[in-house]
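See below for the structure under consideration.
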Amino acid sequence: YQACIDAGACSTPGSGRYCNWNKTDRLWHPINCVNWRQANEYAEWQDQQDLSLHIRLASEAEWEYAARSAGQNILYPWGSDIIDCTYAQFREDQYGCGDISTSTVCSRSTTQTLLLGVLSNGDSAQAVCDLAGNVAEWTLDQYLPTAYSKRKKGVDNPQEKGEKIYPKVVRGGS
666 YQACIDAGAC STPGSGRYCN WNKTDRLWHP INCVNWRQAN EYAEWQDQQD LSLHIRLASE
726 AEWEYAARSA GQNILYPWGS DIIDCTYAQF REDQYGCGDI STSTVCSRST TQTLLLGVLS
786 NGDSAQAVCD LAGNVAEWTL DQYLPTAYSK RKKGVDNPQE KGEKIYPKVV RGGS
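Numbering (our numbering), first residue to last: 666 to 839.
Put into structure tokens, the structure is as follows:
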């Protein structure tokens, strides 16, 4: 993300207490505290760096396809085993999973995020890492309830376009 800022293509993300930006001990952690526009700027900049690839934010349906390991009927990217600290970075009491009485925080440090990809047990079948936990991801799509009804009717990747401004969809855990 620093390289994108240095190139003048991205703006500076948030830098609060829980933000990874400008923290020397978090250089290989995922960037967080970015809004949708900043995430999209970064994807567009990455696309310009390698013209042989087409890089962009994933649509919501594409994100879910990857998180379900190529569309398998599973609960998590790694399968259906109950989430724990060997699969994803999360806080049990915050989301009501696991043993709430223990208030387990999977963080191995005070940063609350982990290095990218260190919990390989949680990878999808395609080796996509950190789809559950660590930080959530912005998607290309706007949140519209009608997209879900279209998906039920067999539309694999409904794209909603229109004049109204709706919030963008965030997927994953954080």
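In this text, a Cβ means the ideal position worked out from N, Cα and C, and glycines have one as well.
Unbroken alpha helix (DSSP H) runs of length 4 or more, entirely within the region 669 to 746: which are they? If one requires a minimum length of 4 residues, the alpha helix (DSSP H) runs lying completely within the region 669 to 746 are 701 to 714, 725 to 732, in chain order.
Measure the C-alpha to C-alpha separation of Gln711 and Ile720 and round it to an integer number of angstroms. Within the sequence shown, residue 711 is the residue found at index 46, counting from 1. Within the sequence shown, residue 720 is the residue found at index 55, counting from 1. Taking the straight line from one Cα to the other gives about 7 Å.
Can you tell me the Cβ-Cβ gap for Ala797 and Tyr752, rounded? I've got them flagged as a contact below 8 Å. Translated into positions along the sequence shown, residue 797 becomes position 132. Translated into positions along the sequence shown, residue 752 becomes position 87. In this structure, Ala797 and Tyr752 form a Cβ contact; the two beta carbons are roughly 7 Å apart against a cut-off of 8 Å.
Three or more C-beta pairs below 8 Å linking the region 698 to 718 and the region 671 to 687: The region 698 to 718 makes contact with the region 671 to 687, as at least three CB pairs between them are under 8 Å.
Gln667 - DSSP class collapsed to helix/strand/coil: Here residue 667 refers to the residue found at position 2 of the sequence shown. Three-state result, Gln667: helix.
Quick one: residues in its chain with C-beta nearer than 7 Å to the C-beta of Tyr683, no 5 flanking neighbours on either side, listed in chain order? Taking the first residue of the sequence shown as position 1, residue 683 is located at position 18. Hits under 7 Å: Gln777.
Taking the beta strand (DSSP E) that Val834 falls in, what are its first and last residues? Here residue 834 refers to the residue found at position 169 of the sequence shown. Counting along the chain, the beta strand (DSSP E) containing Val834 begins and ends at 833 to 836.
Counting Cβ pairs, one atom from each stretch, are 3 or more of them under 8 Å apart for the region 690 to 709 and the region 779 to 794? Yes, since at least three Cβ pairs between the region 690 to 709 and the region 779 to 794 fall closer than 8 Å, the two stretches touch.
Who are the near neighbours of Val793 in its chain, counting only those whose CB is closer than 6 Å to its CB and skipping five residues on each side? Numbered from 1 along the sequence shown, position 128 holds the residue referred to as residue 793. Hits under 6 Å: Ala731.
When the distance is taken between beta carbons, is Trp803 closer than 8 Å to Trp686? By 1-based counting over the sequence shown, the position of residue 686 is 21. By 1-based counting over the sequence shown, the position of residue 803 is 138. It is not a contact, given that the beta carbons lie outside the stated cut-off.
C-alpha distance - Leu716 paired with Glu727, whole-angstrom precision: Residue numbering aside, residue 716 sits at position 51 when the sequence shown is read from its first letter. Residue numbering aside, residue 727 sits at position 62 when the sequence shown is read from its first letter. Counting only the Cα atoms, Glu727 lies some 21 Å from Leu716.
So, are the CB atoms of Asn705 and Leu718 less than 8 Å apart? Within the sequence shown, residue 705 is the residue found at index 40, counting from 1. Within the sequence shown, residue 718 is the residue found at index 53, counting from 1. Between Asn705 and Leu718, the C-beta gap is not smaller than 8 Å, which leaves the two residues out of contact.
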